[in-house]
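Trainee: Residue numbers (full-length UniProt numbering): 1 to 81.
Yeah, the Cβ is synthetic: ideal placement off N, Cα and C, and Gly gets one too.
Let me give you the structure first, and then I'll get to my questions.
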């Protein structure tokens with residue numbers, strides 16, 4: 001995503017999907033995004049993570065995301081825990 005708004009987010013939950021991409025497990029995560037100039041909102045993100053990243057991602061972890069202001073459900077991780 002080239003354009004979008006960077007924001008801090010809190011991991012609400014994380015669970016494996018059972019799928020793999022390039023031998024990395026895929027996870028479904030629900031995050032609460034702190035909108036810089038508005039109301040917080042919740043989005044779901046599917047992301048592949050190494051096992052070490054997954055071990056550090058727990059409920060309450062802080063992450064940096066970028067989201068599409070025109071479609072809030074389009075979210076990518078910029079930096080994980």
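Use the C-beta contact count for residue 33: other C-beta atoms within 10 angstroms, 16 or more gives buried, fewer gives exposed.
Mentor: Counting from 1 along the chain shown, the entry for residue 33 is found at position 33. Buried: at least 16 other Cβ atoms inside 10 Å.
Trainee: What does DSSP give as the partner residues of residue 25 in its beta bridges?
Mentor: Stepping through the chain shown from its first residue, residue 25 is reached at position 25. Paired residue(s): 20.
Trainee: Given this structure, state the Cα-to-Cα distance separating residue 59 from residue 45, to the nearest angstrom.
Mentor: In the chain shown, residue 59 corresponds to position 59, counting from 1. In the chain shown, residue 45 corresponds to position 45, counting from 1. If I take the Cα positions, the gap works out to 14 Å.
Trainee: Look up residue 68 in the DSSP assignment and say whether it is helix, strand or coil.
Mentor: Numbered from 1 along the chain shown, position 68 holds the residue referred to as residue 68. Here residue 68 sits in strand by DSSP.
Trainee: For the alpha helix (DSSP H) that residue 56 lies in, which residues bound it at each end?
Mentor: Mapped onto the chain shown, residue 56 falls at position 56. First-last of the alpha helix (DSSP H) with residue 56: 51 to 56.
Trainee: Give the DSSP-derived three-state secondary structure of residue 2 in the structure shown.
Mentor: Counted from its first residue, the chain shown places residue 2 at position 2. Residue 2 falls in the coil class under three-state DSSP.
Trainee: Considering Cα atoms alone, identify which of 6, 79 and 52 is closest to residue 25.
Mentor: As a first step, residue 25 is located in the chain shown; it is residue number 25 there, counting from the start. It is 52.
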